[in-house]
Structures are given as C-alpha cells and as structure tokens.
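In UniProt numbering, the protein residues as written are 1 to 153.
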C-alpha cells in the first residue's frame, strides 16, 4: 500500500487533531489550542472500540465529525468512584472549592484527577469519574498522518 492510499487500521499510529464538544456545542477539549496533535495506536486498548471504528478507514488529510454516546465515549459515572474523605487528609492551608480538580497520589506513585463535588463540615466528597462520563460527545477529527507499525513475526 502506498503512502497516498494508507487508511487508518489496527496496528498503525495515527496523528490527528480533534475538537471535542458537548451536545450543547460547548468546547470540552481541543488539540488545536496548543497546536499539539494527538498520537495514538489503533488496537492498543487506549480507545473504546466504537471510537476506533469511527476512525478506521479514514485517510491522511481527511476530516470527519462523529457523535458518541456516553457508553461509546467515556462511559457512565460509577458511584464507586465517588469517595467521601475527611478534611484532615488535605493540607490545612489549602482552599477547597466545589468544582475544583486536583491530583491525588496513588500507592504506585502515579496521580489521578479528582473533582471536589461537595464540602460539608469535615467531609469532602471527591469524584474520580472522568469529567465527561455520562455525556454524549461530538468529535471533529482531522487525520494528519498514518504510520504503519511493523508487525512482529
């Protein structure tokens, strides 16, 4: 297959720009803001199968818009990802506010974002669901490049 007719398929790296919007048209994310396109490998499990299916078959330079329901995008909110923590677990000089997103250290040293949902006395409710969980989202995608990955024998 020549470079001119490469298509997005499994085991290829895709470099793309995307704009992510909510159903009401409000912007949620964009790679164009900092002019840093996203790089991903189809089939590596980082995208949902339905998102990958929307990209498959696209060509370099092609633009496409597609809508994904919550189940096909970031999933539904999981109540098990909402935790109530004691205020003493936070620095005493930290000003906590509802809606604030902060990083929480994991036992392995990695960090995960959490959204402060409510403050009540000494209780802080933190939501570790993806901020777009439960939302239908619209992706406007532009394929910048497709790089086939060598398959290992």
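Glycine included, each C-beta is placed from N, C-alpha and C at the ideal position.
These numbers were taken from a predicted model, which means no experiment stands behind them.
Exercise for review: Answer with buried or exposed for residue 129, where buried requires no fewer than 16 other C-beta atoms within 10 angstroms of its C-beta.
Suggested key: When all chains shown are included, residue 129 counts as buried.
Check your understanding: Would you call the CB atoms of residue 86 and residue 122 closer than 8 Å?
Key -> Yes, they are a contact pair.
Check your understanding: For residue 118, which three-state DSSP category applies?
Key -> Collapsing the DSSP output to three states places residue 118 in a strand.
Check your understanding: DSSP state of residue 70, grouped into three classes?
Key -> DSSP places residue 70 in helix when its eight states are reduced to three.
Review point. Taking all protein chains shown into account, do 16 or more other C-beta atoms lie within 10 angstroms of the C-beta of residue 73, making it buried, or fewer, making it exposed?
Key: Under this definition residue 73 is a buried residue.
Point to revise | DSSP state of residue 80 mapped onto helix, strand, coil | key: Residue 80 carries a helical assignment under DSSP once its states are collapsed to helix, strand and coil.
Check your understanding: Do residue 146 and residue 8 have their C-beta atoms within less than 8 Å of each other?
Key -> Residue 146 is a Cβ neighbour of residue 8, given a cutoff of 8 Å.
Point to revise | As assigned by DSSP and simplified to three states, the class of residue 37 | key: In this structure, residue 37 counts as coil in the three-state DSSP scheme.
Exercise for review: Starting from residue 13, follow its DSSP beta bridges and name the residues at the other end.
Suggested key: For residue 13, the pairing in a beta bridge is given by DSSP as 41 and 147.
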